[in-house]
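*Asks:* Numbering (our numbering), first residue to last: 1 to 304.
Sharing a structure with you now.
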Amino acid sequence: MENSVITVRGLCKSYKKHEVLHDFSLSVERGHICGLIGPNGAGKTTVMKILGGLIMQSRGDMEFFGSAEGLDKSRDRMSFMIEQPVIASAMTARNNLEYIRILRGYPDDRRVNEVLDLIGLSGTGKKTADKFSLGMKQRLGIGMALLPKPEIMVLDEPVNGLDPEGIVEVRQLILRMAEEWGVTVLISSHLLSELSELCTDFSIISHGELVENLSREELLVRCRGHIAVRTDDINRTAAVLEDRLSISDYKVIHGEEIHIFEKLGDVKHISKTLTDSGLVITRLCEEGQSLEDYYLEKVGDRNE
Ligand code: ADP
């Protein structure tokens with residue numbers, strides 16, 4: 001894609017003979033927040049480690065900022081927070097940031113104040129990092145990754161293990177750095193619900209394989225409200241819906257239930273028509289699929 005800053009094609013990774021990543025592809029557009037979502041062990045960290053150059057893929061290629069050349073140089077324009085951030089626990093938030101500033105040769109010390117403000121730790125003064133909550137530590141880790149002004153941040157499960165308040169704080173921080181600082185973000189989680197309001201795009205991964213890449217809008221459409229129907233004959237039910245009710249926007253789920261995405265509010269009429277056609281209705285109700293249900297269904301499909 002034209003505006004893609006991370007493009008990954010056909011990535012495979014094997015440990016000995018065990019393939020943990022198979023033909024994985026992904027594209028992240030500049031300015032977007034892309035969620036890499038999948039159960040534990042799905043291959044999210046493996047993808048991020050390959051992107052960061054920490055491990056080599058067995059096959060496949062990638063481009064950063066539209067080029068497959070000079071990946072190491074491109075990585076200077078990116079920051080990676082993979083697994084736990086490395087924080088000096090006996091130092092304050094400011095000193096941890098100062099340390100990174102000096103280490104990375106970043107001359108402008110005003111940047112430390114800017115980052116402290118953004119991560120909401122300006123007021124922590126002399127408090128050392130060992131006395132921080134997990135959420136504060138995560139925010140400090142993100143601040144340390146942000147300090148050298150990366151264009152892209154790659155964050156591996158940054159909200160994992162946080163309490164609900166910590167999750168909200170980290171989400172707000174990521175949103176601010178994307179909106180105010182224009183940073184492109186690739187972020188992973190094993191729970192779609194944790195990132196559903198944050199991300200502009202989603203890449204769902206299961207057992208090392210891509211399940212689906214979709215935008216937030218597409219996800220919301222997939223999770224839209226519907227009428228769920230179960231009867232004693234699902235195939236004939238589909239025929240009745242089409243022939244007698246002119247319904248075409250429906251989906252058969254696992255061969256046992258139909259979700260109808262049109263004529264919502266018309267449950268009575270649908271019920272009468274099915275009964276008049278001799279079908280025995282065992283379930284009929286209006287419902288909306290939650291994002292998490294959608295995700296579990298997708299990941300479950302693969303597990304089967
Ligand atoms: P996720 O981040 O989605 O939880 P990972 O990328 O960490 O998943 O792991 C994907 C799979 O690769 C898992 O089955 C894991 O056990 C396996 N794996 C990861 N690292 C190694 C390694 N160094 N040696 C062997 N297998 C590994």
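Positions of the beta carbon are idealized from the N, C-alpha and C atoms, including for glycine.
Values in this document were obtained by computation on a predicted structure and should not be read as measured data.
#1: Write down the C-beta distance between L21 and V47 rounded to the nearest angstrom, noting that I regard them as a contact closer than 8 Å.
#2: Touching or not, the stretch 224-243 and the stretch 41-60, by the rule of three or more beta carbon pairs under 8 Å?
#3: For ligand 1, any of its heavy atoms closer than 7 Å to the Cβ of K17?
#4: Okay, do the stretch 172-186 and the stretch 30-48 touch, 3+ Cβ pairs below 8 Å being the bar?
#5: Quick check on the DSSP output: the beta strand (DSSP E) that includes E218 runs from which residue to which?
#6: Pick from E83, G120, M91 and N3: whose alpha carbon is nearest that of E63?
#7: Restricting to Cα atoms, I'd like to know which of R230, A145 and S74 is closest to I100.
#8: Say whether the stretch 67-85 touches the stretch 232-240, bearing in mind that this needs 3 or more beta-carbon pairs closer than 8 Å, one atom from each stretch.
#9: Is it buried or exposed for R110, if we count other Cβ within 10 angstroms and need 16 for buried?
#10: Just verifying my parser: in three-state terms, what is the DSSP assignment at S196?
#11: How big is the Cα-Cα spacing for R94 and L116?
#12: With DSSP as the reference, label L103 as helix, strand or coil.
#13: Apart from the five residues on each side of it in sequence, which residues of its chain come closer than 7 Å, Cβ to Cβ, to S193?
#14: State buried or exposed for I102, treating a residue as buried only when at least 16 other CB atoms are found within 10 Å of its CB.
#15: Under the assumption that G161 contacts S133 (Cβ atoms under 8 Å), give the Cβ distance between them as a whole number of angstroms.
#16: Measuring straight from C-alpha to C-alpha, what distance separates N303 and I281?
#17: State buried or exposed for Y250, treating a residue as buried only when at least 16 other CB atoms are found within 10 Å of its CB.
#18: So, R139 versus V168, is the Cβ gap smaller than 8 Å?
*Replies:* So, from the data block:
#1: 7 Å
#2: no
#3: no
#4: yes
#5: It is not in any beta strand (DSSP E) - E218 instead sits in the alpha helix (DSSP H) that spans R216 to R222.
#6: N3
#7: A145
#8: no
#9: exposed
#10: coil
#11: 7 Å
#12: helix
#13: L291 and E292
#14: exposed
#15: Rounded, the Cβ-Cβ distance is 11 Å, inconsistent with contact.
#16: Caution is warranted here: a pLDDT of 48 is assigned to N303, below 50, making its placement in the model unreliable, and no coordinate value can be reported.
#17: buried
#18: no
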